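Residues 1 to 242 in full-length UniProt numbering are what the sequence shown lists, from first letter to last.
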Amino acid sequence: MKTLKLERITQQGSLSAQIARQLEASIANGQIAVGDKLPTESELCDMFGVSRTAVREAIAHLRSSGLIETRRGIGTRVIQTRQAVPSPARRISANTVEDILHVLELRLTLEPRAAALAAERHDDDDVRRLESAHAAFKEAMKQGRQARHEDYQFHHALIEATHNPFFMSFYEPLSQEAIPRARLVDNELNIDAARRYLEMVAGEHQAILDAVLSRDPERAEEAVRQHFSRARQTYTAYREKD
């Protein structure tokens with residue numbers, strides 16, 4: 001196998017995010033070409049000096065970004081050099097895009113910190129609410145629905161797990177309108193792309209949930225930041241098309 005130019009991971013910031021960024025860069029610059037297999041989990045652990053958990057989270061992020069795929073008996077291969085973020089709508093009006101981006105800007109300020117607090121403070125009731133909301137989201141996807149309400153309920157449960165009523169007082173007025181897809185009308189939706197978009201969101205929710213339940217505030221904060229940063233990039237792309 002070719003030698004990769006990778007750096008050992010520092011203990012500052014999210015370990016999985018650092019791994020993902022280095023692997024993304026290696027894929028983007030052709031160091032790991034389309035069709036190439038990634039090193040095994042064990043090899044990546046040795047290269048980066050981290051645990052399997054951090055490597056698996058980084059791999060999950062790359063998979064949700066559409067850069068790699070894993071097949072049993074074959075391994076994990078690179079399938080493209082750039083993230084393929086499906087566009088959930090054919091076109092969105094300029095005013096709607098601006099509204100969505102304003103809400104995402106607010107949520108990027110609020111929710112990463114809320115996730116960190118949730119990781120530190122959640123109790124058994126919070127766990128039940130978060131797991132139930134995540135399961136409901138996945139069930140709505142299976143039924144072919146847009147899972148707007150279920151998406152909001154997952155993030156509502158996350159905010160509730162801070163046990164800080166002032167976080168909730170900021171969040172609740174947004175209601176379901178906090179979910180970008182709630183601002184789209186049905187004739188704007190690209191149904192197939194929206195389904196793939198929801199699958200990506202479900203993966204991001206799972207990463208948030210895992211970090212919170214592991215009582216890892218740093219990882220929870222980073223998982224939420226990645227979740228909303230990706231959403232902001234997706235909807236910014238609509239504005240740039242005009």
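Here a beta-carbon is modelled for each residue, glycine too, at the ideal position from N, C-alpha and C.
Quick caveat, the model's predicted, so the values are computed rather than measured.
{"Check": "Does I32 pass the burial test, meaning 16 or more other C-beta atoms within 10 Å, or should it be called exposed?", "Outcome": "buried"}
{"Check": "Taking the alpha helix (DSSP H) that D127 belongs to, which residues open and close that run?", "Outcome": "Checking the sequence, you will find Val at residue 127 rather than Asp. That run of the alpha helix (DSSP H) goes 124–142."}
{"Check": "For A157, I'd like the list of residues in its chain whose CB is within less than 6 Å of its CB, leaving aside the five on either flank, ordered along the chain.", "Outcome": "R129, L130, A133"}
{"Check": "For T81, which of helix, strand or coil comes out of DSSP?", "Outcome": "coil"}
{"Check": "Terminal residues of the continuous beta strand (DSSP E) containing I68?", "Outcome": "68–71"}
{"Check": "Nearest to A213 by alpha carbon, out of R52, L67, G73, T162?", "Outcome": "According to the sequence provided, residue 213 is Leu. The question's Ala does not apply to it. When only C-alpha atoms are compared, the closest one is T162."}
{"Check": "Specify the secondary structure class of G203 as computed by DSSP and reduced to three states.", "Outcome": "helix"}
{"Check": "Pick helix, strand or coil for T76, following the three-state DSSP scheme.", "Outcome": "strand"}
{"Check": "Going straight from the alpha carbon of S51 to that of D36, what length do you get?", "Outcome": "23 Å"}
{"Check": "Below 8 Å on the Cβ atoms is my contact criterion, and I expect F167 with F154 to pass it. Report the Cβ-Cβ distance as a whole number of Å.", "Outcome": "Not really, about 15 Å apart at Cβ, beyond 8 Å."}
{"Check": "Buried or exposed: D125, going by 16 or more other Cβ atoms within 10 Å of its Cβ?", "Outcome": "exposed"}
{"Check": "Less than 9 Å separating the beta-carbons of A54 and V224?", "Outcome": "no"}
{"Check": "Straight-line CA distance for H149 to L4?", "Outcome": "44 Å"}
{"Check": "Would you mind reading off the limits of the alpha helix (DSSP H) that contains E172?", "Outcome": "E172 -> no alpha helix (DSSP H), and no H or E assigned at all."}
{"Check": "L101 and Y235 look like a contact to me (Cβ under 8 Å); what is the Cβ gap, rounded to whole Å?", "Outcome": "6 Å"}
{"Check": "Let me confirm a value: E111 is counted as buried when at least 16 other C-beta atoms fall within 10 Å, else exposed. Which label applies?", "Outcome": "buried"}
{"Check": "Could you tell me the boundaries of the alpha helix (DSSP H) in which Q153 lies?", "Outcome": "148–160"}
{"Check": "Take V201 as the anchor and find which of P217, R215, Y152, D216 has the nearest alpha-carbon.", "Outcome": "Y152"}
{"Check": "S26: which of L67, C45, L15, Y171 sits nearest, CA to CA?", "Outcome": "L67"}
{"Check": "Output the distance between the C-alpha atoms of Y171 and E105, rounded to the nearest integer angstrom.", "Outcome": "13 Å"}
{"Check": "Using the Cα positions of A193 and T40, report the straight-line distance between them to the nearest angstrom.", "Outcome": "31 Å"}
{"Check": "Assign E57 to one of two classes, buried (16 or more other C-beta atoms within 10 Å of its C-beta) or exposed (fewer than that).", "Outcome": "buried"}
{"Check": "Distance check for L38 and C45, CA to CA, integer angstroms please.", "Outcome": "12 Å"}
{"Check": "At a Cβ threshold of 9 Å, is A60 touching chain B?", "Outcome": "As a matter of chain content, chain B is missing from the structure shown, which is built from one protein chain."}
{"Check": "With respect to the alpha helix (DSSP H) encompassing I32, which residues constitute its N-terminal and C-terminal limits?", "Outcome": "Unbroken run through I32: none, as it is neither H nor E."}
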